Amino acid sequence: MTSLAQRPCTPCRGDASALDDAEIAHLAAELPKWRIVERDGIMRLERTFAFPDFAKALAFTLTVGELAESQGHHPAILTEWGRTTVSWWTHRIRGLHANDFIMAARTDEALAPE
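FYI, our numbering numbers position 26 of the sequence shown as 98, with every residue one higher than the one before it.
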């Protein structure tokens, strides 16, 4: 378990601010398989997971969905044949928060070896 995955995912208040570039770089170093992308002017943390078929991609999607619901922090998830793309960002602050990195680390851990 990574140290990020062990950290608590705390509710993000409206007065919270997005992480700055240095904070993002520091946390991103713990998640080398994730990319920082910008869409619609919003920084997001994104990773595409490969699977041998649609059924396994869908099962992973459901696992990530249950994880997200349990924490009250929800990503964008795109499920296709053989892959699932997960994008984390904090909607309330329109950017990246430490919670996004915590949930990305937990998403990695949800990918249990077969």
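Even glycine gets a Cβ: it sits at the ideal position worked out from N, Cα and C. Fair warning: this is a prediction, and the values are worked out from it, not measured in the lab.
Q.
Using only the alpha-carbon positions, how far apart do W161 and E102 sit?
A. On the sequence shown, residue 161 is found 89 positions in, with the first residue counted as 1. On the sequence shown, residue 102 is found 30 positions in, with the first residue counted as 1. Going by the C-alpha atoms only, they are around 17 Å apart.
Q. Near Q143, which residues of its chain fall below 7 Å by C-beta distance, leaving aside the five closest residues on each side in sequence?
A. Translated into positions along the sequence shown, residue 143 becomes position 71. Hits under 7 Å: C81 and M175.
Q) What residue range is occupied by the uninterrupted alpha helix (DSSP H) comprising L99? A) Taking the first residue of the sequence shown as 1, we reach residue 99 at position 27. Looking at the DSSP string, the run of the alpha helix (DSSP H) that includes L99 is D93 to A100.
Q.
Rounded to whole angstroms, what is the Cα-Cα separation between A131 and I96?
A. Looking up residue 131 in the sequence shown gives position 59. Looking up residue 96 in the sequence shown gives position 24. Those two C-alpha atoms are separated by around 30 Å.
(Q) Quick check: what's the CA-CA separation for I114 versus W106? (A) Within the sequence shown, the letter at position 42 stands for residue 114. Within the sequence shown, the letter at position 34 stands for residue 106. Pairing I114 with W106, the inter-Cα distance amounts to about 16 Å.
(Q) Please return the same chain residues whose Cβ sits closer than 8 Å to the Cβ of R155, not counting the five positions on each side in sequence. (A) Here residue 155 refers to the residue found at position 83 of the sequence shown. Excluding sequence neighbours, R155 sits near T120, F121, A122, F123 and A129.
Q: Compare the Cα-Cα distances from V109 to each of E141, D180 and V158 and report the closest residue.
A: In the sequence shown, the residue the question calls residue 109 occupies position 37. Among E141, D180 and V158, the Cα nearest to that of V109 belongs to V158.
**Q.** Cut-off 6 Å between Cβ atoms - residues of its own chain near P173, not counting five sequence neighbours on either side
**A.** Locating residue 173 in the sequence shown gives position 101, where the first residue counts as 1. Checking the displayed sequence, the identity of residue 173 turns out to be Phe instead of Pro. Only L76 and L99 meet the Cβ criterion.
Q) Closest to D92 by CA distance: which of R116, W153, P104 and L139 is it? A) If you number the sequence shown from 1, residue 92 lands on position 20. Ranking the options by Cα distance to D92, first place goes to R116.
Q: Report the residue from F126, R111, P104 and L139 whose alpha carbon sits nearest the alpha carbon of R166.
A: Position 94 of the sequence shown, counted from the first residue, corresponds to residue 166. The shortest Cα separation from R166 among F126, R111, P104 and L139 belongs to R111.
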